Every structure is written in structure tokens, then in C-alpha cells.
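In this note's numbering, the protein residues as written are 8 to 407. Just below is one structure, and these are the notes that go with it.
So, in C-alpha cells, the structure goes:
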């Protein structure tokens, strides 16, 4: 339902929001405005609204962000849905000014409604609220953004699948979509995150969804991080700023490339794209003993080096590099025939149990390789990934 400025529902919404704002004039940005939407048929949706500084400035225009919470935050208190997203709230009030809407689904409901042609009830009410917000505030409709965790990630996939191209960017955490909807998903910039050890929502469907989008020429980003289900706190806190730079401004993250060649089983590791262009420590592990075929020599920018001078191995399952001086190496490192041949992206991710590195510029912030499948390392400006964090990640340069 799209409200018009002449409708009685629109006038009622304006009055409700005006009263709410008068009571919330001195509320902190952290709490936002506690509002309620009533569709007139007995269906009520609590939600929080956060308005950025400058909302009343002449000519102002802001992105519209919606966050969908997880199953544990369902209810009617209009508070629980704010768990885990202090970082998102703060960034919409400061570095990336935006209008942020955080609805709360009622108990025992879902955001998604896979298999049906209709929205779920809380999603339908949320769409009504978003339509109201666009009528009431200066929204840049080319910058609608959506993110959600766990149950909310299912909802994020569901909404971008039903409304192809409506949202400029989506960031689902810890849940996958439906591979059959790949063409619809490809209309939206996507950066999905999932824990490789998730036992609550298995990671397999997320890998398959990402691969399905890439199979039709889409370019989503995918970050499979160490950990289980609850990976969202550091992502929303975003200590490097890269998640939000991508989300709001489509800026390319600095990610070292780990490229697998399915014809030879060789790996090329490109440190040039890492922060500062170097890596001082990394670890790559597979989940089966004796799966790694350790080469006698590795190549650094084409120069042969004895493997034992560069790496240590653990049970032919873990590859370890560490420079105690925290300087590291630059350039492209090649490990001939390290892995079995013929693996696709889903199979490669299925056998990889660890894949992270550290760069001097990021200190103790663990980073995850941009894992690709192919024979050539693409240039960053035309990066088209078949791997972990791939795709055309954006334009422009980093502000940090």
C-alpha cells in the first residue's frame, strides 16, 4: 500500500509522527523515536525511527535504511530490535547520515514468506511504514538500503527478491536466500556475511545462493568469516569502516586475493590489494588431513623460494605464514598444485576451514581473503569474482 498525501491514512500517520516527535525532541539518537504503525485492521507494528542531523535543512536528501532483527528480538516492547546495531545507529547519525527504520516483528512470526506470493504480515506492515517515511521525509530513493541478521537476513533476501532493484544495496548476515531467485537478487548490490561454523543456520544455502547469482553474471560480495551464528556484532561495529563505506557509498574494500586455479590446483595470493599492500601473517586450513599437496618451492613475483623458508605446515592441513617483525611480503605469491583440481566455489568453500590474514595497517583486525576461482587475477577496477568476496565492489577511493 503506497500512501498519498491526500489520504486519511497519510494524515493520520503525519499526526502520529508529529506527536511522537514532540515527546522525543530531547531523546538521544541512540534510542530514536518509538513509534507504532496500525494498518486499520487490527495489525500493529512497533518500530524505531532515527533521523539524521540536518533532516530539516533546505534541499536535504538522505538514504533510507531498514534493519530487520533476528528471531530472539521479536516482541512488542519496541526495544529488543535495537540489540547488536549500535554501530549502525551511530554511523547513520554521523559519518553516513541516513534515515534509519528498525521495525519489530510480533512473536512467532517471520520476516520472510518463502513459497508464497504474499509478504509475511510483519513485512507487509514494514513496507507500509517505509512508504510512509518516503512521503514524510526527504528520502533519496536511489539509495534505499536494507540489512538484517539471522531471521532478518532471510527477510532481507525475501524483500530484494520480491522487489528487484528497489534497494540499492543489501547486507544480509547469517542466512541465505533462494538460488532460484538469482536473477532478481542480481538487481541489487549485495554483501552477504556468514560464519563458516554456523550450526544454527547452515552456511551451505548462502554459498549456493551466492554461486547462483554469479552463475548468471551477477556480482555479489560474500564474506565467510570464522565463527558460528552470532557474527554480527563486529560487522555492525565495523572497526575498519569498510562495510559502511561499501554499504552507503559503494567504495571498494582493500582485500587480499586468494585465487584457486581449478585446472592445476595452484593458489595465487595477491597481497597488493591488502591494506598497505602487504601481509605479515596468514593462515589457510582445510578440514581433511593430507588434503594439502605441499610444493617444494613457492614463487614470489616469479622468484622461486624454498617452501620451508616461507611457511610452516600443520598435519598437511594448515598452511601458516608469520613474520615476527610484522613487515611481511608484497606482490603475488604462488603455491603450485596446493589443492586438488576441479573444485568449484561451493566445493572450495566446503573444504576450507580457515582463511584469514593480518596486514600492518590493520593491526589486530583479522581480515578474510577475497577467494576467487579462475586462472587470472583480475584488476581491481574490473574485479568479477567467482569466490569469497568478489564482484565489482564499487568506484572511487577509500576515505580512510
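Backbone N, C-alpha and C define an ideal beta-carbon position, used for all residues, glycine too. As the structure is a computational prediction, the values presented were derived from the model and not from experiment.
Nearest to residue i (by Cα), restricted to the options the options
i           : options            : result
residue 136 : 311, 106, 125, 165 : 106
residue 333 : 364, 117, 40       : 364
residue 279 : 270, 308, 303, 91  : 308
residue 113 : 87, 168, 97, 91    : 87
residue 370 : 287, 381, 253      : 287
residue 380 : 266, 343, 131      : 266
residue 245 : 372, 149, 321, 150 : 372
residue 243 : 346, 70, 97        : 97
residue 48  : 175, 132, 56       : 132
residue 111 : 42, 276, 196       : 42
residue 143 : 281, 56, 126, 206  : 56
residue 180 : 377, 240, 65       : 240
Residue span of the alpha helix (DSSP H) that contains residue i, given as start and end
i           : result
residue 253 : 249 to 256
residue 93  : 93 to 100
residue 214 : 211 to 222
residue 274 : Looking at the DSSP string, residue 274 is not in any alpha helix (DSSP H); the run it does join, the beta strand (DSSP E), is 274 to 277.
residue 352 : 352 to 358
Anticipated Cβ contact below 8 Å, residue i with residue j, distance rounded
i           : j           : result
residue 257 : residue 297 : With 8 Å as the limit, residue 257 and residue 297 do not qualify as a contact, their Cβ atoms being about 43 Å apart.
residue 145 : residue 263 : So it is not a contact: roughly 40 Å between Cβ atoms.
residue 339 : residue 277 : 5 Å
Distance CB(residue i)-CB(residue j) smaller than 8 Å
i           : j           : result
residue 103 : residue 251 : yes
residue 50  : residue 128 : yes
residue 231 : residue 356 : yes
residue 192 : residue 184 : yes
residue 118 : residue 158 : yes
residue 227 : residue 238 : no
residue 336 : residue 285 : yes
residue 99  : residue 59  : yes
residue 234 : residue 211 : no
residue 367 : residue 248 : no
Where the beta strand (DSSP E) containing residue i begins and where it ends
i           : result
residue 147 : 146 to 156
residue 73  : 69 to 75
residue 179 : 176 to 180
residue 231 : 228 to 232
Outcome for residue i when other beta-carbon atoms lying within 10 angstroms are tallied against a minimum of 16
i           : result
residue 395 : Caution applies to residue 395, whose pLDDT of 28 falls short of 50 and renders its modelled position unreliable; the value that the coordinates give is listed next. The residue in question, residue 395, is buried, as its Cβ has 16 or more Cβ neighbours within 10 Å.
residue 187 : exposed
residue 310 : exposed
residue 328 : buried
residue 92  : buried
residue 295 : exposed
CB contact below 8 Å: residue i versus chain B
i           : result
residue 289 : As a matter of chain content, chain B is missing from the structure shown, which is built from one protein chain.
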